[in-house]
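Student:
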Amino acid sequence: LFSGRVDFLLSAPQLKFLPDPDVPEIAFCGRSNVGKSSLLNALTLRKNIARASVTPGRTQELNFFEVGEPTRFRLVDMPGYGFAKAPPKVVEKWKALVKSYLRGRQVLARTLVLVDSRHGLKDVDREMMKMLDEAAVVYRVVMTKADKVKKSELDKTVAKVAEEAKKHVAAFPEIHVTSSEKGMGIAELRAAILEDALG
Ligand code: GTP
Ligand code: MG
Numbered sequence: 019l020f021s022g023r024v025d026f027l028l029s030a031p032q033l034k035f036l037p038d039p040d041v042p043e044i045a046f047c048g049r050s051n052v053g054k055s056s057l058l059n060a061l062t063l064r065k066n067i068a069r070a071s072v073t074p075g076r077t078q079e080l081n082f083f084e085v086g087e088p089t090r091f092r093l094v095d096m097p098g099y100g101f102a103k104a105p106p107k108v109v110e111k112w113k114a115l116v117k118s119y120l121r122g123r124q125v126l127a128r129t130l131v132l133v134d135s136r137h138g139l140k141d142v143d144r145e146m147m148k149m150l151d152e153a154a155v156v157y158r159v160v161m162t163k164a165d166k167v168k169k170s171e172l173d174k175t176v177a178k179v180a181e182e183a184k185k186h187v188a189a190f191p192e193i194h195v196t197s198s199e200k201g202m203g204i205a206e207l208r209a210a211i212l213e214d215a216l217g
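So, in structure tokens, the structure goes:
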């Protein structure tokens, strides 16, 4: 992966604009500002192919990035959930878009649920995990911004998240711990994604 080309394919504001379902897809979901776009950039060794921003609510559409040969698949950057400052109508629209994509996409090979290492699981994360459980969409839980917390605190939070993930039928038991900033856990996650995409 990711040794070949990575190209922005398209941005889908509505389901009818999704690309043809002919390639496996890996979806990035999580709360606003958790670091979805940054993680996608780190995995693909790009500075800002997926636009990251200090302002929550940056990503408002489903953004598809195509990874080239030898393994063709797509990474899908999604709008965040739990962003209270956006107008409720806008939040509802993102939520509906994300949920219907996750529930209905035939070529969805794996979902990543990103969780901020400083905060651990919030109710919106639990809600999303429950929805994925019910839709039988198997997901990896990925801790982000691990560079922002002390090792001792990080270990505690990861243990807690792992304990909860066990109760979710569609969650992988193993938790990935990453920092897009420092590169922590990125190579391991990249390898896992490649396996997911290969099926
Ligand atoms: P939305 O598109 O708004 O939902 O946000 P997002 O989840 O895509 O987050 P984004 O990648 O835009 O990152 C949000 C902020 O967190 C940015 O200021 C990033 O620089 C910062 N950030 C992301 N990953 C890391 C990390 O691993 N470590 C540190 N220290 N900061 C990070
Ligand atoms: Mg984003």
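Each residue of the sequence shown is one higher than the last, beginning at 19 in UniProt numbering. We treat Cβ as the ideally placed atom computed from N, Cα and C, and that holds for glycine.
Measuring alpha carbon to alpha carbon, tell me which of E43, R64, L61 and F83 ends up nearest D25.
Tutor: Within the sequence shown, residue 25 is the residue found at index 7, counting from 1. Checking every option, the nearest Cα to that of D25 belongs to F83.
Student: Quick check on the DSSP output: what are the complete alpha helix (DSSP H) runs of length 4 or more inside the stretch 85-124, in order along the chain?
Tutor: Here the runs fully enclosed are 106-122.
Student: Return yes when the C-beta of K111 is under 6 Å from any heavy atom of ligand 1, and no when it is not.
Tutor: One-based indexing of the sequence shown puts residue 111 at position 93. The answer is no for K111.
Student: Taking 7 Å as the limit between beta carbons, can you name the residues of its chain near K65, skipping five residues before and five after?
Tutor: Mapped onto the sequence shown, residue 65 falls at position 47. Excluding sequence neighbours, K65 sits near N59.
Student: CB of P42 to nearest heavy atom of ligand 1: below 6 Å?
Tutor: As a working note, residue 42 is residue 24 in the sequence shown. False, no ligand heavy atom lies under 6 Å from that Cβ.
Student: Going by Cα to Cα distance, which pick from C47, V142 and L216 is closest to L120?
Tutor: Translated into the one-based positions of the sequence shown, residue 120 becomes position 102. It is C47 whose Cα lies nearest to the Cα of L120.
Student: Rounded to the nearest angstrom, how far is the Cβ of V179 from that of M202, given a contact under 8 Å?
Tutor: In the sequence shown, the residue the question calls residue 179 occupies position 161. In the sequence shown, the residue the question calls residue 202 occupies position 184. 16 Å between Cβ atoms; not a contact.
Student: Buried or exposed: where does A70 fall if 16 or more other Cβ atoms within 10 Å of its Cβ makes it buried?
Tutor: By 1-based counting over the sequence shown, the position of residue 70 is 52. So A70 ends up on the buried side.
Student: Taking 7 Å as the limit between beta carbons, can you name the residues of its chain near S56, skipping five residues before and five after?
Tutor: By one-based count along the sequence shown, residue 56 stands at place 38. Excluding residues within five positions, the ones whose Cβ falls inside 7 Å are A70 and S198.
Student: When DSSP builds the beta bridges, which residues end up paired with D134?
Tutor: For this step, residue 134 is matched to residue 116 along the sequence shown. The partner list for D134 (beta bridge, DSSP) reads T162.
Student: Does the Cβ-Cβ distance between P74 and F101 come in under 7 Å?
Tutor: As a first step, residue 74 is located in the sequence shown; it is residue number 56 there, counting from the start. As a first step, residue 101 is located in the sequence shown; it is residue number 83 there, counting from the start. Contact: yes.
Student: Identify every residue that forms a DSSP beta bridge with D25.
Tutor: For this step, residue 25 is matched to residue 7 along the sequence shown. Bridge partners of D25: E84.
Student: Kindly indicate the opening and closing residues of the alpha helix (DSSP H) around A70.
Tutor: Taking the first residue of the sequence shown as position 1, residue 70 is located at position 52. Careful: A70 lies outside any alpha helix (DSSP H) and carries neither H nor E.
Student: How far does the alpha helix (DSSP H) with Y176 in it extend, from its first residue to its last?
Tutor: Position 158 of the sequence shown holds residue 176. One point to set straight first is that residue 176 is Val, not Tyr, in the sequence displayed. Residues K169 to A183.
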